[in-house]
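Residue numbers (the UniProt record's numbering): 1 to 265.
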């Protein structure tokens, strides 16, 4: 049987108080840390957060992962290479993770726990049967942790030339002051028609997509600079720090100053 995911490495640690390498980057392989006990803070690009027991963190090839233990951990380290058709569930999940959704929470935690137990029994075994089992369990864990995405993945209309132009324009101008009404007019559409077509093509409204682009840049600036909130607001297309803070809290459920203090590693 050919699996879309091929194992590169696997090991696990129990009651680990700290990471040996707080910063790491694998240029060729996916890395997934599955946490059974404890917790740790992480940062991948502009995404930062906390991984708790029962969750997993997936890091694409070439992405730098920063991590810091918050409580003694029992953690499984999975390394793998992804093959197969771009339309496969494995590949679609990989695209979703690569877009900035690195923290994964499985729906069926009991099954994940059972799979981890079976996987741990293959540790240190290199015969073909053990390697096949390891590959099977890693494929299973990848899909189990992506069940929420697979179940919620919207049915989308392939974007036409107008919607591709809309997305390209937003990508280029998101960090400047703009009005979506003006973009709709530029495209020859009403605001309602523009919102409907964009949502059908990309799974989110133009406003939500614009906010996501701006807040991703804001997170990077919060973690990488000492700029004031007013300065960051101006660099992300917002009129002032007060309005920027309101948008940030509404979307991220944390104040920008707290985000900076908590996730700057």
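Glycine is no exception: its CB is placed at the ideal position from the N, C-alpha and C atoms.
| Item | Value |
| --- | --- |
| Would residue 239 and residue 213 be called neighbours here (beta carbons separated by less than 9 Å)? | no |
| Threshold first: 4 residues or longer. Then list the alpha helix (DSSP H) segments lying entirely within the region 83-155, N to C. | 89-98, 109-120, 128-145, 147-152 |
| Cα-Cα, which of 236, 112, 103 is closest to residue 57? | 103 |
| For residue 98, which residues from the same chain have a beta carbon less than 6 Å from its beta carbon, with the 5 sequence-adjacent residues on both sides left out? | 60 |
| How would you label residue 80, buried or exposed, when you count the other beta carbons within 10 angstroms and need 16 or more for buried? | buried |
| In angstroms with no decimal places, state the Cα-to-Cα distance between residue 15 and residue 206. | 45 Å |
| State buried or exposed for residue 253, treating a residue as buried only when at least 16 other CB atoms are found within 10 Å of its CB. | exposed |
| Among 208, 226, 227, which has the Cα closest to the Cα of residue 250? | 208 |
| Confirm, please, whether the CB-CB distance from residue 51 to residue 33 is below 9 Å. | yes |
| Could you tell me the alpha carbon to alpha carbon distance between residue 123 and residue 264, rounded to whole angstroms? | 35 Å |
| Mapping the DSSP letters down to three states, classify residue 65 as helix, strand or coil. | strand |
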